[in-house]
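*Asks:* Using the working numbering, read the sequence shown as starting at 10 and increasing by one per residue.
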Amino acid sequence: MDFKLPIYRIGITHDAENAIRIAILQKTCKGWRLIRGEKLADGTMLSLPKGFLSSKVVLSLQGQETLVKSVQSSLKSKKNFLRVVYAEQKATAAFPLQELVITHYWGEWNSSQERVLTLWMLQKQSIATQSALLEDRGVFATHISCRTKDIFSALQNSLVHKLAAYFFIYEGVDETICLFVQEGSVLLARSFRNDSENLLDDLLASFAYVQEVYKITLAEIHGSYLSSALRIAISRQARVPVIITPLFPELSIDQEPYRDAVAAAYLGVHSSHTCFAYGWADFSQKACGYWLKRKLFNLTKIALASTLALCIGFGVESFFRFRQARKIFREISSETELPRDFHAAQQAVKKIQDSNHGLEYPYLPTVPTNQEIMNTLGQMTENLSSVSFSHYTYKLEDIPSEERPLGGYKAYISLQGLANDEDFAVFVDKLSAWLGAPVLSKKQADGQFDVRIILQERR
10 MDFKLPIYRI GITHDAENAI RIAILQKTCK GWRLIRGEKL ADGTMLSLPK
60 GFLSSKVVLS LQGQETLVKS VQSSLKSKKN FLRVVYAEQK ATAAFPLQEL
110 VITHYWGEWN SSQERVLTLW MLQKQSIATQ SALLEDRGVF ATHISCRTKD
160 IFSALQNSLV HKLAAYFFIY EGVDETICLF VQEGSVLLAR SFRNDSENLL
210 DDLLASFAYV QEVYKITLAE IHGSYLSSAL RIAISRQARV PVIITPLFPE
260 LSIDQEPYRD AVAAAYLGVH SSHTCFAYGW ADFSQKACGY WLKRKLFNLT
310 KIALASTLAL CIGFGVESFF RFRQARKIFR EISSETELPR DFHAAQQAVK
360 KIQDSNHGLE YPYLPTVPTN QEIMNTLGQM TENLSSVSFS HYTYKLEDIP
410 SEERPLGGYK AYISLQGLAN DEDFAVFVDK LSAWLGAPVL SKKQADGQFD
460 VRIILQERR
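(1) Classify R248: buried if its beta carbon has 16 or more other beta carbons within 10 angstroms, exposed otherwise.
(2) Does DSSP classify K85 as helix, strand or coil?
(3) Quick one, which of R268, V460, S120 has its alpha-carbon nearest T185's?
(4) Does the stretch 79 to 91 come within contact of the stretch 159 to 178, defined as at least 3 CB pairs closer than 8 Å?
(5) Output the residue ranges of the beta strand (DSSP E) runs that lie fully inside the stretch 181 to 229 and measure 3 residues or longer, sorted by chain position.
(6) Whether or not the stretch 400 to 420 and the stretch 376 to 390 are in contact is what I'm after, with contact meaning three or more pairs of Cβ atoms, one per stretch, closer than 8 Å; do they touch?
(7) Return the chain-ordered list of same chain residues with a C-beta closer than 6 Å to the C-beta of A25, the five sequence neighbours on each side being excluded.
(8) Between Q396 and the rest of its own chain, which residues show a CB-CB distance below 6 Å, the 5 nearest in sequence each way excluded?
(9) When you compare only the Cα positions, how much space is there between L393 and F458?
(10) If you draw a straight line from the alpha carbon of C187 to that of A228, how long is it in whole angstroms?
(11) Within the present structure, is the beta-carbon of H152 separated from the nearest heavy atom of the ligand COA by less than 6 Å?
(12) Given a cut-off of 7 Å on the beta-carbon distance, is the pair I44 and I31 in contact?
(13) Kindly provide the ranges of any alpha helix (DSSP H) runs that are 4 or more residues long and lie completely inside the stretch 221 to 279, ordered along the chain.
(14) So, do the stretch 60 to 71 and the stretch 14 to 24 have three or more beta carbon pairs nearer to each other than 8 Å?
(15) In its own chain, which residues sit with a C-beta less than 7 Å from the C-beta of A163, not counting the 5 before and 5 after it?
(16) In whole angstroms, what is the alpha-carbon distance linking E406 and L317?
(17) Does the Cβ of M54 have 16 or more other Cβ atoms within 10 Å, making it buried, or fewer, making it exposed?
(18) According to DSSP, is M54 helix, strand or coil?
(19) Which two residues bound the contiguous alpha helix (DSSP H) that contains E431?
(20) Which same chain residues end up closer than 7 Å to Y17 when comparing Cβ atoms and leaving out the 5 residues on each side of it in sequence?
(21) Go ahead and pull the three-state DSSP assignment for T112.
(22) Would you call the CB atoms of I230 and F161 closer than 7 Å?
(23) Apart from the five residues on each side of it in sequence, which residues of its chain come closer than 6 Å, Cβ to Cβ, to G456?
(24) So is S120 buried or exposed if we call it buried at 16+ other beta carbons inside 10 Å?
(25) Would you mind sorting A277 into buried or exposed? The rule is 16 or more other CB atoms within 10 Å of its CB.
This is the structure in structure tokens:
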């Protein structure tokens, strides 16, 4: 069973005809699945349900609008590395830095203790233009990306990322992208129009350039969504096999025209935090209203979730309190029927109180205390001069508890001492009369005696 979750990612691209292609992915128990692909022609509006308001919407620009630059250095401080790279870029870039939106990606350390910093650069004007086209159709992006970055993100989550170096070709709907990745860093990224007459020559030249500049021999070329003619031509002229590498779950023939938008949506799944910095207020006033609506929708969901959690918590607490109250009620009066509501419970408790008003509180002592026993023994032996005590023990063996609130008290007393026969007999008679119960006593020939008493609840 493929259980679906209300979690979505949306990818948006523009094709050569300036039409908008949208792909919507939904999270399932088996992974992400494309549930909707749509192409918006000029003048067509898109209305998404409210459930998509909290989803990440990634607008991906074409690779030809992106500048990719890689810098290799042994500097260990990321801050110093970035400062040097940005200073160099400011001096050599064709556009002022304030007109660019730049994001970067840190590569891994190589055997030479160097790593590569990859810069991905877009013009703010390009983002503003593409965003305005979306807003005219009622669509607003939450993240900005580019085609080459989408493909690289997909490669990082595929099997080829385990290779130390590889050359990859992706044939999109309107453009073909080639990437050279070494030790987890993009060293070369180029985009070519699919309708270009020099497409094959440009791809072969890029492959030869990589091997010559980076002093590496590649035994194969990896690719995705390559046409049979292009794959055969590349393999024949490059003299290496072309291995098809899947980037996403298999798409049907009807879904393949939306593969660029699917790649953008998967960027939102894997690494949307590496997208270009994008503030709606910087590029559009219309997007501010959408931003407020999105925030309010998210806050509403959080409030509903919090309310639901509180209700569940109160319900569980009330259930356990009810069970505890029912248990106590049964201990107090096992014969009375359990009440169904609060008013009936009040009446039942009042009835129990009225019927048991003469009973003592169960936790008060119901047997003579240690002090009472000692005082009584002193009074009994006041006129019995031969009676003397050498040992006295008073021990409570049973008391009421929460489990047995009506259990009563029970005490054990042990007396040892010396007395003549006459005084001892008088002492035992007085003690039995006071307790109202027989006394276990033992008199020895040498005048010693041993008396044991068990005190039960008073009647």
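Note that beta-carbon positions come from the ideal geometry of N, C-alpha and C, so glycine has one too.
Only a predicted model underlies this, so the values are computations on that prediction, with no experimental measurement involved.
*Replies:* Concretely, from the data shown:
(1) Looking at its Cβ environment, which holds fewer than 16 other Cβ atoms inside 10 Å, R248 is exposed.
(2) Collapsing the DSSP output to three states places K85 in coil.
(3) R268
(4) no
(5) Taking 3 residues as the shortest admissible run, the stretch 181 to 229 contains the following complete beta strand (DSSP E) segments, listed from N- to C-terminal end: 184 to 191, 194 to 202.
(6) As far as the Cβ criterion goes, the stretch 376 to 390 touches the stretch 400 to 420, which means the pair count is three or higher.
(7) Within the same chain, A25 has close Cβ partners D183.
(8) According to the sequence displayed, residue 396 carries Val and not Gln. So the qualifying residues of the chain are T390, A428, D432, F436.
(9) One C-alpha to the other measures close to 15 Å.
(10) 16 Å
(11) The ligand COA is not part of this structure, which contains no ligands at all.
(12) no
(13) 237 to 247, 268 to 279
(14) yes
(15) L256, F257, A272, Y275
(16) 51 Å
(17) Classification for M54: exposed.
(18) coil
(19) 430 to 444
(20) I33, L34, Q35, F61, S64
(21) Looking at T112 - three-state DSSP - the assignment turns out to be strand.
(22) Between I230 and F161, the CB-CB gap reaches or exceeds 7 Å.
(23) L427
(24) Answer is exposed; the Cβ neighbour count stays below 16.
(25) The amino acid occupying residue 277 in the given sequence is Gly; Ala does not appear at that position. Buried: at least 16 other Cβ atoms inside 10 Å.
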